[in-house]
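Per numbering that gives the first Met the number 0, numbering through the sequence shown is continuous, rising by one, with the last residue being 320.
Cβ coordinates follow ideal geometry from the N, Cα and C atoms, glycine included.
For reference, the structure is listed below as structure tokens.
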Amino acid sequence: MSGNKPGVSRDSVGVFAPATVANVASGFDVLGFALERPGDTVCLKKIRAKRVDVVAVEGDGGQLPRDPEKNTASVAAKRFLEAVGFPFGLEVTVRKQMPMSSGLGSSAASSVAAVYGANILAGSPFSVRQLLPFTMEAEQVACGAAHADNVAPSLLGGFVLIRSYDPLDVVQLPVPAGLAVATVHPHTEIKTEDARRILKKELRLSDAVRQWGNLAALVAALFQGDLGLLSRSLQDVVAEPRRGLLIPGFARVKQAALDGGALGCSISGSGPSVFSICASMEKAREVGSAMQKAFTDTGLDSDVYLSRINESGPVILGEER
Ligand code: HSE
């Protein structure tokens, strides 16, 4: 995948990168998929000076760092430029178009858009897949853990499995036809760092057996397009039991989704967003409304995002399909 048109050298580029659902129930830190919306846009402009400046961040209510060593977009772009010998510097503008601390991979979308754009401005010396480590360094800065289950699907599209972190080994998985996702973001924030801190550091063997059985079956279900197996596999006995307690009304929302006919429902990434995978967009619409109503009954406003699985990853602004 190369973003440059032959013979065209650019001085600036804008890139949209999608939000993601990490973990996907049984795949804590090793599985994620990309949504069509929401997502973030990052605009980059080449400068002569060998530095990366964050010139503007829009839509973040002043919450995101402007310090280039702390903002995920500039961190990823800078690590990339260091790797290619800093042929130019960059002015970075981040347009947040999705909620932060929402469990939808907001920091990942920014870093993916930035590094994807920087690679294009440099003439695409790296394949898209080779950009992944730079975005993981940005995740380390954002939440203290270089997990790849948001950045990998945002960058590559579709479902992505991280078989190993060291060495990094990522596997793109098939997307069964027709799948749709209802993701509901309740208006409360959970920082990934905090949601990671509350997890047990050790697992009971019986829980590990259930988790890896479900994860292996989920992967098989994607290959076979077996929605019954997918439904039975969307279970998490590792993170959800603890993190569910941080989300007001989570049990009620999940029950509403399952009663409404979702194939499965769990926490998106570290929460508080909750996702349901459904067999059709029509079903996702119904399930999304039921989940939103359950949050409302708990006293929380929320936003619903309906989406297919995004198999494309980032897009260059002006070149959207
Ligand atoms: N796998 C990470 C976690 C994703 O659950 O902490 C964070 O979005």
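Pair within 9 Å by beta-carbon distance, T71 and A121: No, the pair does not count as a contact, with Cβ atoms beyond the cut-off.
Nearest-angstrom Cα separation, counted from T297 out to L80: Separation of L80 and T297 (C-alpha to C-alpha, rounded to the nearest whole angstrom) is 47 Å.
Short Cβ contact (9 Å threshold) for T19 with L130: In this structure, L130 does not lie closer than 9 Å to T19 by Cβ.
Coarse secondary structure for R128, derived from DSSP in three states: It is helical.
Coarse secondary structure for G2, derived from DSSP in three states: With a pLDDT of 44 at G2, under the threshold of 50, the predicted position of this residue should be treated as unreliable, though the coordinate-derived value follows. G2 falls in the coil class under three-state DSSP.
Buried or exposed (CB count within 10 angstroms, at least 16 for buried), L233: So L233 counts as buried.
beta-carbon D225 near the ligand HSE non-hydrogen atom, thresh 8 Å: Relative to the ligand HSE, the beta carbon of D225 is positioned no closer than 8 Å to any heavy atom.
Beta-carbon proximity of L299 to T134, cut-off 9 Å: Not closer than 9 Å, so no.
P313 versus R231: straight-line alpha-carbon distance, rounded: Taking the straight line from one Cα to the other gives about 31 Å.
CB contact flag (V41, A137, <9 Å): Contact flag unset, no.
Strand pairing of Q171, partner residues [DSSP]: DSSP output for Q171 lists V159 as bridge partner(s).
Cβ-heavy atom distance, T191 to the ligand HSE, below 8 Å: Yes.
Any 3 or more C-beta pairs closer than 8 Å across the segment 90–108 and the segment 41–60: The segment 90–108 is in contact with the segment 41–60.
Heavy atom of the ligand HSE within 8 Å of D28 beta-carbon: D28: yes, Cβ under 8 Å from the ligand HSE.
Proximity below 9 Å, CB of S279 to CB of A181: No, Cβ-Cβ distance for S279 and A181 is not below 9 Å.
V83 (DSSP reduced to helix, strand or coil): DSSP places V83 in coil when its eight states are reduced to three.
Cβ pair I246, V237 closer than 9 Å: No, they are not a contact pair.
Backbone secondary structure at V23 - three-state DSSP: Looking at V23 - three-state DSSP - the assignment turns out to be coil, as it is neither helix nor strand.
Same chain only: Cβ atoms within 8 Å of P86, ignoring 5 sequence neighbours per side: Closer than 8 Å at the Cβ level, and outside the excluded window around P86, lie L80, A121.
Nearest-angstrom Cα separation, counted from S265 out to A179: Approximately 15 Å, taken between the alpha carbons.
Segment contact, 8 Å Cβ cut-off, at least three pairs: the segment 9–26 with the segment 43–54: In short, these stretches touch, since the Cβ pair count reaches three.
P124 and P37 closer than 9 Å at C-beta: Not in contact: P124 and P37 (Cβ atoms no closer than 9 Å).
Close Cβ partners of A176 (< 8 Å) along its chain, the five nearest in sequence each way excluded: G224.
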